[in-house]
Every structure is written in structure tokens, then in C-alpha cells.
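Numbering (the numbering used here), first residue to last: 505 to 789.
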Amino acid sequence: HKKAVAQMFRDTFNPYKPSVIDWPELDPETLHRITSLPIWDIAVQTEGKARLRMAAYAAMIDDPDMKDALSRNAWEENRHKEVLTKLVEAYKIPMAPEPPYVEPKDTEWAYLVTGFSECVDSFFAFGLFALAERAGLFPPELIETFEPVMQEECRHILLFANWLAWHRATMPFWKRPWFEARVIGVWIFLAYERMGLARSIDESGEEHTQDNNFTVTGAKDMTNMDVNVPDLMQLCLDENDRRFAGYDPRLLRPTTTPAIARAIIKGAKTWACLRSKLCPVKSAA
Numbered sequence: 505h506k507k508a509v510a511q512m513f514r515d516t517f518n519p520y521k522p523s524v525i526d527w528p529e530l531d532p533e534t535l536h537r538i539t540s541l542p543i544w545d546i547a548v549q550t551e552g553k554a555r556l557r558m559a560a561y562a563a564m565i566d567d568p569d570m571k572d573a574l575s576r577n578a579w580e581e582n583r584h585k586e587v588l589t590k591l592v593e594a595y596k597i598p599m600a601p602e603p604p605y606v607e608p609k610d611t612e613w614a615y616l617v618t619g620f621s622e623c624v625d626s627f628f629a630f631g632l633f634a635l636a637e638r639a640g641l642f643p644p645e646l647i648e649t650f651e652p653v654m655q656e657e658c659r660h661i662l663l664f665a666n667w668l669a670w671h672r673a674t675m676p677f678w679k680r681p682w683f684e685a686r687v688i689g690v691w692i693f694l695a696y697e698r699m700g701l702a703r704s705i706d707e708s709g710e711e712h713t714q715d716n717n718f719t720v721t722g723a724k725d726m727t728n729m730d731v732n733v734p735d736l737m738q739l740c741l742d743e744n745d746r747r748f749a750g751y752d753p754r755l756l757r758p759t760t761t762p763a764i765a766r767a768i769i770k771g772a773k774t775w776a777c778l779r780s781k782l783c784p785v786k787s788a789a
């Protein structure tokens, strides 16, 4: 299992280079839509922190297969940061100064936060990306440019899910309760984090507010289509399944966020059914 995961990560590497990406020229309306999205500061900084955290955790691992896979993952996170930086430069998106990137004091906690956060964010990003494409509000050239990054995120969370299973399987039994307690703590932390806003100050002293929960709430910003929550959840599930379909079916997939999405869909259907029974539609005389 471990060797199959490491081999998958090597075999599916995409050698694209951010420095040679030809960013398409955008019409004024599309340009405004992109530059006004409240995500760019937090997106660039998240990738910067992810690279540092994954590299630090990879350095702690003795197993050569997992060390290689996580080191490659860290390198690819840095490439994502380069892609976003090039996009920001190409479209002149105003950014707050980046904070210094400091190695985490608690390396395992930082890696768990990054891994589970990517599992959540990628799931919703798959759906929002498809929504933007279907709405036709972003040019096909821009969609095509970002496609490798989106699929790479799929690889990353696939690696994380299988690392998690490997880590649990090889962990001494007496360490397991503390580790599982930390996993629960990470989920509580992520829930708390996504209820707030991130704020930063640029060189002119102007405050920038970033939505930590944009990947969940951003449908209205990505399209002018009216999309309800259950439909968005279903789209995310469909896109999640589509993106994972090309990988070895024996490898584990992230399950928590898709399970939450299915629960939301089921809850919405149950509520609609109850409402129809409590408030029946009167038939025309």
C-alpha cells in the first residue's frame, strides 16, 4: 500500500512550469470579477505555509518512500504559490505584504492542519471550479491554465488520506489515543477558523479582509447562476468522484467532507419532504 502510494505520486507528476504560463487577456468585466474575489492574499500565504509545513514534516520521516512523496508534495505546494504569484502579477491584483514564513514549533500538528484543511478546501474548490466553467464567466483559456493546479490538489489530498492510513497502521498502539485526540482537535480548530475572517494590512496601511470560508460560501462570487446548497454539494460530490476516478481504486480517498456533503443533501431532501406534508399545496378547483 505504502509503495503504491509513493509510486502513484511519482508517476502522476506534471512538469508544467509557472514561469512559462501564458496568462490570457481578460475583458474588463471578467478582470474585475477575478480581482475582486476575496481570496488572493490568503491563497498565496496558505501555499507558502503548506510548503514549509510539509517539508518540515517530511524531514521527520524515516521511511524513504513516504519521505520522498511528502518532499515532492512540499515542492509542488511551492509551485502552486508561484502560479498564484504569477497570476497576481499578470492581472495586477493588489496584495498585502506576505508575512514571514516560520517553521512550525509543533510539526505534526501543523501538518495535520494543512492536510485536513486541503481535504476540505479542495472538495469545495472542485465544485466551484466546475461551476465557474459551466457558467462561462471565466474564459476557457483561464480554466485550462488552472486545470493542472486543480488536479494536483486532488493528488495531494489522495496522498494525505493514504499517509494517514499508513501512519495509523505503523503507529505504536499506545500513541494512538493521543493522535486521534489531536485529529479531533484539528477538526475543531478548522471549524472555528472558518467562522472568522482573516485581516491583513498592506504597505499603505489599508486593511484587507479575506474570507476563510470562501471555498464553502463562494458560489455567488464565482457565477451569476442561482445555486442552492444541496445542488452545490452534489456538484462537489460529482466533481470529487470524477477527479479521483483515474487513480488506483485500491488507494483510499478522503471521506469526511464528502460524508458531510451527503448528510446535507439528505437533510435538505428530508426537510423538503416534511414541508410538503406539513404545508400541502392546494390543488386548483
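The beta carbon of each residue, even a glycine, is placed where N, CA and C say it ideally should be.
Values in this document were obtained by computation on a predicted structure and should not be read as measured data.
Whole angstroms are fine: how far does the CA of residue j sit from the CA of residue i?
{"i": "Ser540", "j": "Leu635", "result": "18 Å"}
{"i": "Lys679", "j": "Gly689", "result": "16 Å"}
{"i": "Lys770", "j": "Ala776", "result": "10 Å"}
{"i": "Arg746", "j": "Glu637", "result": "15 Å"}
{"i": "Pro644", "j": "Trp544", "result": "21 Å"}
{"i": "Glu657", "j": "Ala600", "result": "25 Å"}
{"i": "Ser708", "j": "Pro598", "result": "Caution applies to Ser708, whose pLDDT of 48 falls short of 50 and renders its modelled position unreliable; the value that the coordinates give is listed next. Ser708 and Pro598: Cα-Cα distance of roughly 11 Å."}
{"i": "Leu591", "j": "Trp527", "result": "7 Å"}
{"i": "Val624", "j": "Leu778", "result": "30 Å"}
{"i": "Ala594", "j": "Gln738", "result": "34 Å"}
{"i": "Glu533", "j": "Leu646", "result": "14 Å"}
{"i": "Ala554", "j": "Ser780", "result": "47 Å"}
{"i": "Pro604", "j": "Glu551", "result": "13 Å"}
{"i": "Arg686", "j": "Pro762", "result": "21 Å"}
{"i": "Pro758", "j": "Leu694", "result": "16 Å"}
{"i": "Thr516", "j": "His584", "result": "16 Å"}
{"i": "Glu697", "j": "Glu529", "result": "35 Å"}
{"i": "Asp531", "j": "Ser626", "result": "28 Å"}
{"i": "Phe748", "j": "Ala510", "result": "16 Å"}
{"i": "Thr674", "j": "Trp682", "result": "15 Å"}
{"i": "Pro676", "j": "Lys609", "result": "23 Å"}
{"i": "Arg703", "j": "Leu736", "result": "Because the pLDDT of Arg703 is 46, which lies under 50, any placement of that residue in the model is unreliable, and the number read from its coordinates should be weighed accordingly. Rounded to the nearest angstrom, the two C-alpha atoms are 27 Å apart."}
{"i": "Trp691", "j": "Leu782", "result": "36 Å"}
Among the options, which residue has its Cα nearest to the Cα of residue i?
{"i": "Asn732", "options": "Leu756, Phe627, Arg698 and Ile768", "result": "Ile768"}
{"i": "Met654", "options": "Glu612, Phe628 and Thr761", "result": "Phe628"}
{"i": "Arg514", "options": "Val524, Lys521 and Trp579", "result": "Trp579"}
{"i": "Leu662", "options": "Gly750, Val687 and Tyr696", "result": "Gly750"}
{"i": "Gly640", "options": "Lys781, Pro758, Arg537 and Ser780", "result": "Arg537"}
{"i": "Ile565", "options": "Thr516, Pro734, His671 and Phe677", "result": "His671"}
{"i": "Asn582", "options": "Glu612, Lys609, Ala547 and Glu593", "result": "Ala547"}
{"i": "Glu612", "options": "Phe748, Ser523 and Glu684", "result": "Glu684"}
{"i": "Leu535", "options": "Pro758, Glu551 and Phe642", "result": "Phe642"}
{"i": "Asn577", "options": "Arg698, Lys596 and Arg659", "result": "Arg659"}
{"i": "Thr589", "options": "Ala510, Ser523 and Ile692", "result": "Ser523"}
Would residue i pass as a contact of residue j if the rule is Cβ separation under 9 Å?
{"i": "Glu622", "j": "Ala560", "result": "no"}
{"i": "Phe620", "j": "Thr774", "result": "no"}
{"i": "Phe664", "j": "Glu743", "result": "no"}
{"i": "Ala508", "j": "Leu755", "result": "yes"}
{"i": "Leu741", "j": "Ala772", "result": "no"}
{"i": "Tyr520", "j": "Met558", "result": "no"}
{"i": "Glu572", "j": "Lys506", "result": "Going by the sequence as given, residue 572 is Asp instead of Glu. Not in contact: Asp572 and Lys506 (Cβ atoms no closer than 9 Å)."}
{"i": "Met512", "j": "Asp752", "result": "yes"}
{"i": "Thr649", "j": "Ile525", "result": "yes"}
{"i": "Gln549", "j": "Glu586", "result": "no"}
{"i": "Pro652", "j": "Asn518", "result": "yes"}
{"i": "Leu574", "j": "Trp667", "result": "yes"}
Could you tell me the boundaries of the alpha helix (DSSP H) in which residue i lies?
{"i": "Phe693", "result": "Arg680 to Glu697"}
{"i": "Arg779", "result": "Thr760 to Leu782"}
{"i": "Ala794", "result": "Residue 794 lies beyond the residue range present for the chain, which begins at 505 and ends at 789; the question has no answer from this structure."}
{"i": "Phe748", "result": "Val733 to Phe748"}
Please determine whether the Cβ atom of residue i lies at a distance below 8 Å from any heavy atom of the ligand MN.
{"i": "Ile768", "result": "Among the components modelled here there is no ligand, and therefore nothing to report on the ligand MN."}
Quiz item: What beta strand (DSSP E) runs, 3 residues minimum, are completely inside the stretch 521–548?
Solution: DSSP runs (the beta strand (DSSP E)) wholly in the stretch 521–548: none.
Quiz prompt | Complete runs of the beta strand (DSSP E) confined to the stretch 582–667 [at least 3 residues] | solution = Correct list: empty.
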